[in-house]
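For the sequence shown, the positions run 3 to 106 when the working numbering is used.
Structure, as structure tokens:
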Amino acid sequence: MAFDLDEGLIRSIQEIGQNYAIEQIVLFGSRARGDHMPASDIDLAVFLLPEFNNRGRMTSDFDDLNTLLKIDIVFINEHIDPNLLENIKREGIFLYERAKHKSQ
């Protein structure tokens, strides 16, 4: 993979997305651009659903992931810097996206 993340780590990140009220988890920064170093951190943008209410426990789950790399989490909400949000949209790689259910 261009962003040098272990498949098991990606699966663990996806499981966190499934276990909480998370809409999307997006990799951004040097790993998404492909200009990272081996020890570069993992920058994740976490888009929360309105009903999300357990940030502390979820952050702890990210801290417990099986990696020596530092994980930086940015929670996306209405108070996010618009320039950062644009950067995430431009260079981001989706690691997790909650399935949307179509209403009938």
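For glycine and all other residues, C-beta sits at the position ideal for the given N, C-alpha and C.
- Leu97 sits in a strand when the DSSP states are folded into three classes.
- Around the beta carbon of Met39, fewer than 16 other beta carbons lie within 10 angstroms, which makes this residue exposed.
- Counting the other Cβ atoms within 10 Å of the Cβ of Arg33 gives 16 or more, which makes it buried.
- Here Phe49 carries a strand assignment [DSSP, helix/strand/coil].
- For Leu86, the secondary structure class from DSSP, reduced to helix, strand or coil, is helix.
- Counting along the chain, the unbroken alpha helix (DSSP H) around Phe64 starts and ends at Arg57 to Asp65.
- Its Cα nearest to that of Arg35, the residue Lys91 stands out among Met60, Ala101, Arg57 and Lys91.
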